[in-house]
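First comes the structure, then the notes that go with it.
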Amino acid sequence: MNLRKLRSEYMLSRQEKVILKSLGELDGESTPSEIAKISELPEVAVMRTLLYLSSKNLVKVEEKDVYHLILTNEGKNSLDNGLIEKIFIRGIHNRIPLNQIGISEEEKNIAIGMSKKNGWINIEKLNNSLSFSLTDKGKRALNENTPEEIALENISEGKEISNDIVNTLIKRKLVEKKLDILRKVYLTDLGKDEISKGIEIIDEISELTPDILKSENWKNINFKKFDIYADVNVLYPSRKHFVNQAIEYIRKIWLEMGFKEMSGPIIDTSFWVFDALFQPQDHPARDMQDTFFIDSPRFGGIDPELSKKISAMHEHGGDINSNGWGYNWDKKISEEYVLRTHTTSLSVRTLSTLKPDDLPAKFFSVGKVFRNEKLDWKHLFEFYQTDGIVVDEDANFKHLLGYLKRFLNKMGHSKIRFRPAYFPYTEPSIEVDIYNKNKGEWVELLGAGIFRPEVVVPLLGKDVPVLAWGPGFGRLIMEYYGLTDIRQKYTNDIDMMKKLPIWIKG
Amino acid sequence: MPTVNFDKNEFLTLLGKTVDDKILSDRISMIGTDLETVNPEIIVEVFPDRPDMLSIEGFTNALKGFMGISKGPIDFKVIKSNYEGKVDSKVKSVRPYAIGAIVKGIKFDDNTIKSLMQIQEKLHITHGRNRKKVAIGVHDLDKIKFPIKYTTMSRDFSFIPLEFDKKISIDEILKIHPKGVAYAHLLSGFEECPIWLDSNNEVLSMPPIINGNNTKVTETTKNLFIDITGTHKKSIEYGLNIILMGLFIRGGEIHSFKLNDEGKDWIYPNLDRETMALDINYSNKVLGLQINENETADLLMKMGYGIKSKSKNKLIVEIPAYRADILHPIDLVEDISISYGFENFTPEIPEIATIGQENPIEVFIRKVEELLVGFNFIEVKNYVLSNEDVLIKKMLDNKKNLVKTRNAVNTEFDTVRCSILPLLLKTLVNNAQYEYPQNIFEVGIIVPDQSLIERQSLACTICHPKASFTEIKAVFSGFLSSFGLKFDVKDEDYPSFINGRSCSIEIDGINIGKMGEISPEVLYNFKLEMPVAAFEIDLSTIYEFLKVRIQG
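Going down the list, the sequences are from chains A and B.
Per my numbering, the first sequence starts with residue 471, numbered consecutively.
Per my numbering, the second sequence starts with residue 3, numbered consecutively.
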């Protein structure tokens, strides 16, 4: 027996108690209408409560299909005015012309047939027409009721009649059968037991009010039982935007590992977004189709000292043992304002502020980046990236793998793969894949590497290993929340956002 | 990144070994190309630092070493010959660099032709930056009368270009020939155009547009002349060497070509391997490995390098002439790591004692968000990019100096937002089908004007049938007092708000924002049929009052 049944068995509502008690007074056997009379409850309410009681095995409701007879309109007419054959012989007796008797031509034929069958009339043929006269039996019948007429009267008074005559009446469409359900209610043994324990009826209320509390009336009343299984209108709490919930967690991952947050502008010169990262000025990533350029102001200032060093690095590898890219570096191109295409601009900006005493140092950022792309279900023109750098004389490639592994493990991915890749500013460069179980394949997730000496030396003054990464995490967020269209992140559908489960990792 | 397709059977033939698909997929991924599939053909994206892997010969050559089938560099042989040419100084202001090479004894089967066309096309697109930096022409050597000359000709000069049967002028080529139309912009502004001419004054090519019809390569061609021109000398040399590698692997004989340029004789091709010194300690330090010079040399040989000399902790490494990406010893270190196998490195987290620290304004922003969620406001997030219509026109604002992008693909998102409030109104319109009240907020970056100073802004709206100034003021007051701050309001009318129901907000006499009931005209502009009361404040300014306390 489950808990639900147990609980309801021993908790009876006031109405249930009233009805159980009434049934007890009726010797444990009755009908719903009788109970309604005694309990002074509406019959509908009684019926409903009986069903509850029956589900608790306290009463048994027996249902029987019963038919009873009712008079048709024709039947009612016949009861008031007599059967048509009686009307017919009455007309003959009173010498009323046949067409004025008050029955239709069709009924007249039936009436003639019935009267003849009953032996009430003689029929003679005179001059091609029929002439009717009453027999003695017919004269007697004028003042007597036929068995059919008696039966009609009995039916109208709800009395029993014999089956033979019922069929005749039904055939003559004077009566019809109607289906009815007859309910009988009995107390079960469990019900009797309950009554024998004594039923105390206390007033019930549905709401607890301050007045009841003040007056201490609650001592004398019971609470109306609520249907706790009924559906309710769900209320959803407000919350932070789901993307921000994830960002908060990502920030926490870095903070826990001892990273310091860096920040900086979303609109920056190409110098910080590209040139300081040793991206040659004719690099395809710098093309108009990938990068948003600012219309006004178009150019920004760059530090002349640093610009000299960066320029030398691009042109011939500066004063380190690098060949550089071997082209003429154009200062004007590096002064162009763009919307940053990666937050790695913050990493190089930070590097340029570090002094030897600041090492070792670890930094992270979480910020928006921009790509001049068409908006569709898998592309956004702006999204978040989380950059990290570890600046340490002793940092090495294995550490880079270690940090990335930790980050992805914390994001819920344990099966990962490191693969060689290419970025103009890192060497070695890594692409990290996560394993998609559903598709059974590796999915490319993020890029990382160790900054090239050509990047580090002009900014830091010497060649120190700088582990660097800049993953987008849009795919991880979509996967977590089960989103299929990347635009949902900025649709701001209030209903959807309230119903979305929260970011539970922490 | 360029995607290239390689025929698998041909690949396996060139590799000289049968390999199952799973191992092949793994090896191709782990050498550093983005593999799409190995079945039925091999499709990979080749990273821009390895143009030498754009041809099937170069791709196979790299994998042959990586998979341990061969070791060390290709030993090119260049046969000395008497072919000569000259670069006219007139080209220096148009397309300054040109070189060439001769390859004989090619068996021109379908695969060779296909491969040569593919590498030429891929090099044009990537390494050659759509022919601007590097352009290649391939010719039937036997139709050329040496010596040849790279010069310029005026635009009325005419010759028969490829795919044409009569002479037309350079001007016409640039207007009607499909290649001329496609690349005319590379010659725009020049009165004269670059031309390779032979001793009979027949045109070999008009770089970087089209070859002449005279030297067209056919099925019977056995000997080739390859011309390569561009704006960057190193790049055309690498381009030429990459093509020659493929033809050499196919059995072609490379012959020398003497070219006089700026009064000096140069012999092409130059397939000599340059050397670079590698300090083993440096390589080990970067990679976290402890391997000696012999092991390191072995790993480099697997990647196709030569080793000129070996001494304690030092290697003199020979770089193949087709490797355009080796600028610094760190590039050798990367190839050592690839050769060693990324899968063989154990990830480690070192114990570096550093202290994690949040940017204090981010701490402030987090508290702001928490308080507003406590008020039962839902946080929304809009794009930083929007447009003038939403930001200004619909708001009835007269603000100028918006920060616009000049090349946005989506004109709906071409302007950096100067305020968040208009975006909240847009958000409310998009949610009009849901029940009210709808109270929302957003925190984020705005760039108010062309001074490009970025601010953190907070906008907050209440939206329901009875939304009023009184209610928003109540929310704002409770919000600000939670930070222990007091504010003053100043009667001020704004076009976006109802007159007499708006104010500016100040802390210690410093303006921090505004608040009020949104004007019905603005709501009408947004097609919002529900009253809205709102405030927008500058968190960057408020932060200044709290900075000291936040940092503790």
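Every residue gets a Cβ at the ideal spot worked out from N, C-alpha and C, and that includes glycine.
The structure displayed is predicted, hence computed values, not measured ones.
**Study point:** Positions along the segment 726-748 of chain A whose CB lies within less than 8 Å of some CB in chain E
**Key:** No chain E appears in the structure shown, which is made up of the protein chains A and B.
Exercise for review: Report the neighbours of Asp400(B) on chain A: residues whose CB is nearer than 9 Å to its CB, in chain order.
Suggested key: In the sequence as presented, Asp is not what sits at residue 400(B); that position holds Asn. In chain A, no part has a C-beta under 9 Å from the C-beta of Asn400(B); the shortest such distance is about 18 Å.
Check your understanding: Expressed to the nearest angstrom, what Euclidean distance is found between the alpha-carbon atoms of Pro4(B) and Thr128(B)?
Key -> Straight through space, the alpha carbons of Thr128(B) and Pro4(B) are spaced by roughly 7 Å.
Review point. Name the chain A residues whose beta carbon is nearer than 7 Å to that of Gly480(B)?
Key: What Gly480(B) touches in chain A: nothing, since even the nearest Cβ is about 15 Å away.
Practice item. Output the distance between the C-alpha atoms of Met727(A) and Gln458(B), rounded to the nearest integer angstrom. Key: The straight-line gap from Cα to Cα measures roughly 27 Å.
Point to revise | Within chain A, the residues that Ile282(B) reaches when beta carbons sit closer than 9 Å | key: The contacting residues do not exist; Ile282(B) stays about 14 Å from chain A at best.
Review point. If you draw a straight line from the alpha carbon of Lys475(A) to that of Leu482(A), how long is it in whole angstroms?
Key: Low per-residue confidence applies at Lys475(A): pLDDT is 44, beneath 50, and the placement is therefore not dependable enough to give any value.
Practice item. Quick one: residues in its chain with C-beta nearer than 7 Å to the C-beta of His563(A), no 5 flanking neighbours on either side, listed in chain order? Key: When the five nearest sequence neighbours on each side are left out, the beta carbons in the same chain lying within less than 7 Å of the beta carbon of His563(A) are those of Leu604, Leu612, in order along the chain.
Point to revise | Per-residue burial, Asn202(B) [other beta carbons within 10 Å of its own, 16 or more giving buried] | key: Residue environment analysis places Asn202(B) among the exposed positions, since fewer than 16 neighbouring C-beta atoms fall within 10 angstroms of its C-beta.
Exercise for review: Determine, using beta carbons only, whether Val516(A) and Ile489(A) come nearer to each other than 9 Å.
Suggested key: Contact: yes.
Check your understanding: Looking at Gly139(B) and Ile25(B), is the spacing between their C-beta atoms short of 9 Å?
Key -> Taking 9 Å as the Cβ cut-off, Ile25(B) and Gly139(B) do not qualify as a contacting pair.
Practice item. Anything in the segment 30-42 of chain B with a Cβ closer than 9 Å to a Cβ of chain A? List those residues in chain order, please. Key: Listed in chain order, the positions of the segment 30-42 of chain B with a beta carbon within less than 9 Å of a beta carbon of chain A are Ser31, Met32, Ile33, Gly34, Thr35, Asp36.
Check your understanding: So what's Trp912(A) in DSSP terms, helix, strand or just coil?
Key -> Here Trp912(A) sits in strand by DSSP.
Review point. Where Phe763(A) and Thr814(A) are concerned, what is the direct C-alpha to C-alpha distance, given to the nearest angstrom?
Key: The alpha-carbon atoms of Phe763(A) and Thr814(A) are separated by roughly 18 Å.
Review point. Where do the ends of the alpha helix (DSSP H) carrying Ile503(A) lie?
Key: The question names Ile, yet the displayed sequence has Ser at residue 503(A). For Ser503(A), the enclosing alpha helix (DSSP H) stretches over residues 502-509.
**Study point:** Euclidean distance between Cα positions of His869(A) and Pro331(B)
**Key:** Cα-Cα distance, rounded: 20 Å.
Practice item. Quick one: give me the first and last residue of the alpha helix (DSSP H) that Asn432(B) is part of. Key: Start and end: 423-432.
Review point. Alpha carbon to alpha carbon, how far is Glu276(B) from Glu364(B)?
Key: C-alpha of Glu276(B) to C-alpha of Glu364(B): approximately 52 Å in a straight line.
Review point. Hey, is Lys907(A)'s beta-carbon within less than 9 Å of any beta-carbon in chain B?
Key: Not one chain B Cβ lies under 9 Å of Lys907(A).
Exercise for review: Would you list, in chain order, the members of the segment 52-71 of chain B that have their beta-carbon closer than 7 Å to a beta-carbon of chain A?
Suggested key: Listed by position along the chain: nothing, the set is empty.
Check your understanding: What does His234(B) pair with, by DSSP beta-bridge criteria?
Key -> Residue pairing from DSSP leaves His234(B) without any beta-bridge partner.
Check your understanding: Who pairs with Thr39(B) in a beta bridge, going by DSSP?
Key -> Answer by DSSP bridge pairing, in chain order: Ile45(B).
Practice item. Would you decide whether Lys304(B) is buried or exposed? Buried here means 16 or more other CB atoms lie within 10 Å of its CB. Key: Counting Cβ neighbours within 10 Å, Lys304(B) comes out buried, since at least 16 surround it.
Check your understanding: CA-CA distance, Ile58(B) and Gly308(B)?
Key -> Ile58(B) and Gly308(B) have their C-alpha atoms spaced approximately 22 Å apart.
Check your understanding: Which of the three DSSP states, helix, strand or coil, is assigned to Leu398(B)?
Key -> Reduced to three states, the DSSP call for Leu398(B) is coil.
Review point. Would you call Lys825(A) buried or exposed, if buried means 16 or more other Cβ atoms sit within 10 Å of its Cβ?
Key: Exposed: under 16 other Cβ atoms inside 10 Å.
Check your understanding: Among Asp391(B), Val524(B), Val319(B), Gly518(B), which one has its Cα closest to the Cα of Phe537(B)?
Key -> Checked all of Asp391(B), Val524(B), Val319(B), Gly518(B); the closest Cα to Phe537(B) is Gly518(B).
Check your understanding: What's the gap between the Cα of Asn588(A) and the Cα of Glu575(A)?
Key -> Pairing Asn588(A) with Glu575(A), the inter-Cα distance amounts to about 20 Å.
Check your understanding: Going along chain B, which residues have a C-beta under 9 Å from Asn527(A)?
Key -> The contact set of Asn527(A) on chain B, defined by CB atoms closer than 9 Å, is empty, because the minimum CB distance reaches about 44 Å.
Check your understanding: Should Tyr706(A) be labelled buried (16 or more other beta-carbon atoms within 10 Å of its own) or exposed?
Key -> In this structure Tyr706(A) is exposed. Its beta-carbon is surrounded by fewer than 16 other beta-carbon atoms within 10 angstroms.
Review point. Thinking C-alpha only, which one of Arg503(B), Ile422(B), Ala100(B) is nearest Lys260(B)?
Key: Per the Cα distances, Ala100(B).
Point to revise | Sheet register partners of Arg653(A) (DSSP bridge) | key: BP columns for Arg653(A) point to Glu533(A).
Practice item. Reducing DSSP to helix, strand and coil, say where Phe227(B) ends up. Key: Three-state result, Phe227(B): strand.
Practice item. List the residues of chain A whose Cβ lies closer than 7 Å to the Cβ of Val375(B), in chain order. Key: Against chain A, a Cβ distance below 7 Å from Val375(B) picks out Ser708, Arg709, Lys710.
Practice item. Could you tell me which of Asn687(A), Asn866(A), Ser817(A) sits nearest to Gln292(B), measuring between CA atoms? Key: Ranking the options by Cα distance to Gln292(B), first place goes to Asn866(A).
Review point. Who are the Cβ neighbours of Glu350(B) in its own chain at under 8 Å, not counting the five residues just before and after it?
Key: Shown here for Glu350(B): same chain residues with a beta carbon closer than 8 Å to its own, the five before and five after excluded, namely Gly290 in chain order.
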